[in-house]
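Peer 1: Please read through the structure below; I'll follow up with questions.
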Amino acid sequence: KAGVTQTPRYLIKTRGQQVTLSCSPISGHRSVSWYQQTPGQGLQFLFEYFSETQRNKGNFPGRFSGRQFSNSRSEMNVSTLELGDSALYLCASSYMDRAETEAFFGQGTRLTVV
Amino acid sequence: AQKVTQAQTEISVVEKEDVTLDCVYETRDTTYYLFWYKQPPSGELVFLIRRNSFDEQNEISGRYSWNFQKSTSSFNFTITASQVVDSAVYFCALSEVFYNNNDMRFGAGTRLTVKP
Numbered sequence: 032k033a034g035v036t037q038t039p040r041y042l043i044k045t046r047g048q049q050v051t052l053s054c055s056p057i058s059g060h061r062s063v064s065w066y067q068q069t070p071g072q073g074l075q076f077l078f079e080y081f082s083e084t085q086r087n088k089g090n091f092p093g094r095f096s097g098r099q100f101s102n103s104r105s106e107m108n109v110s111t112l113e114l115g116d117s118a119l120y121l122c123a124s125s126y127m128d129r130a131e132t133e134a135f136f137g138q139g140t141r142l143t144v145v
Numbered sequence: 041a042q043k044v045t046q047a048q049t050e051i052s053v054v055e056k057e058d059v060t061l062d063c064v065y066e067t068r069d070t071t072y073y074l075f076w077y078k079q080p081p082s083g084e085l086v087f088l089i090r091r092n093s094f095d096e097q098n099e100i101s102g103r104y105s106w107n108f109q110k111s112t113s114s115f116n117f118t119i120t121a122s123q124v125v126d127s128a129v130y131f132c133a134l135s136e137v138f139y140n141n142n143d144m145r146f147g148a149g150t151r152l153t154v155k156p
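Protein sequence lines, in the order shown, are assigned to chains F and U.
Everything in the first sequence is counted per the numbering used here, starting at 32 for the first residue and increasing by one.
Everything in the second sequence is counted per the numbering used here, starting at 41 for the first residue and increasing by one.
What follows is the structure, given as structure tokens:
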């Protein structure tokens, strides 16, 4: 069974640009969550999608957005990039959206903003 | 609000030593789930265990064991006879059922280094 796939693995962008990251969940999983990991703030929840609907959102500015497609694949977008957006962005997929569901993580996309 | 504290930032042990990683949590929910994840240098978080708030039985899986104590709001993780391959960052996480979501709140992580 294929795991969670995130593309691209590495990305370098310039301040002010926008970026789109992609996540393909495990087949059959309908929930996709996104996390930002930085040395200073640790792992922080961005948002969660279930069946194409955003179910929950973390405390991030509106520059961070996402969506989920009918095949459960998800994308997150960050507009007007700032240096502080440099981070490892992790995607996790789950079979259901309930709190007790085990989440499987991808290897992440490392975004560097220069 | 939900909160997870991993007070140990870094731990270094020599191979074959036992090591315990501490996790203390705060929650206002009566039903919740606790998790441990391992993050090797490759980056992905690897699921180790899930425990619900009604199940305080300790669990052992090979060299890994977990001690859940609701009375002290702790969910500690012990690695017995550590190996170099155990070197990684370990995260404890909490999900509250009341909110019925996957908003797992992670601790800051403990970086474990096992030296040969």
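Each residue gets a CB set at the ideal place from its N, CA and C atoms; glycine is no exception.
Straight-line CA distance for ARG40 of chain F to SER117 of chain F?
Peer 2: Taking the straight line joining both Cα atoms gives about 13 Å.
Peer 1: Using three-state DSSP, classify SER124 of chain F as helix, strand or coil.
Peer 2: strand
Peer 1: So GLU66 of chain U is in the beta strand (DSSP E); what residue range does that whole segment cover?
Peer 2: For GLU66 of chain U, the uninterrupted beta strand (DSSP E) run begins and ends at 64 to 66, by DSSP.
Peer 1: Report the residue from U:THR112, U:ASP143, U:GLN42 and U:SER127 whose alpha carbon sits nearest the alpha carbon of ARG151 of chain U.
Peer 2: When only C-alpha atoms are compared, the closest one is U:SER127.
Peer 1: Please list the partners that PHE136 of chain F has in chain U, where partner means a Cβ-to-Cβ separation under 7 Å.
Peer 2: GLU84 and LEU85
Peer 1: Flag ALA148 of chain U as yes if its beta-carbon sits less than 8 Å from any beta-carbon of chain F, otherwise no.
Peer 2: yes
Peer 1: Go ahead and pull the three-state DSSP assignment for SER64 of chain F.
Peer 2: Of the three classes helix, strand and coil, the one that applies to SER64 of chain F here is strand, per DSSP.
Peer 1: Put LEU114 of chain F into one of helix, strand or coil per three-state DSSP.
Peer 2: helix
Peer 1: When we look at the beta-carbon of GLU84 of chain U and count the other beta-carbons within 10 Å, is it buried (16 or more) or exposed?
Peer 2: buried
Peer 1: Taking CB distances under 8 Å as the criterion, tell me whether ILE79 of chain F reaches chain U.
Peer 2: It is Glu, not Ile, that sits at residue 79 of chain F in the sequence shown. So yes, GLU79 of chain F belongs to the interface.
Peer 1: Just to make sure I have the definition right: I need the residues of chain U whose C-beta is within less than 8 Å of the C-beta of ASN90 of chain F. Which are they?
Peer 2: By Cβ distance, chain U contributes nothing, its closest Cβ being about 11 Å from ASN90 of chain F, past 8 Å.
Peer 1: If you pair each beta-carbon of the region 92 to 105 of chain F with each one of the region 61 to 72 of chain U, do three or more pairs fall below 8 Å?
Peer 2: The region 92 to 105 of chain F, when compared against the region 61 to 72 of chain U, does not touch it at the 8 Å Cβ threshold.
Peer 1: Out of U:LYS56, U:SER113 and U:THR120, state which residue places its alpha-carbon closest to the alpha-carbon of SER73 of chain U.
Peer 2: Before going further, note that residue 73 of chain U is Tyr rather than Ser in the sequence given. It is U:SER113 whose Cα lies nearest to the Cα of TYR73 of chain U.
Peer 1: Give the single residue among F:PHE91, F:VAL144 and F:THR38 whose Cα lies nearest to the Cα of GLU113 of chain F.
Peer 2: Closest option to GLU113 of chain F, Cα to Cα, is F:VAL144.
Peer 1: What do you reckon, are the CB atoms on PHE76 of chain F and GLY89 of chain F nearer than 8 Å?
Peer 2: yes
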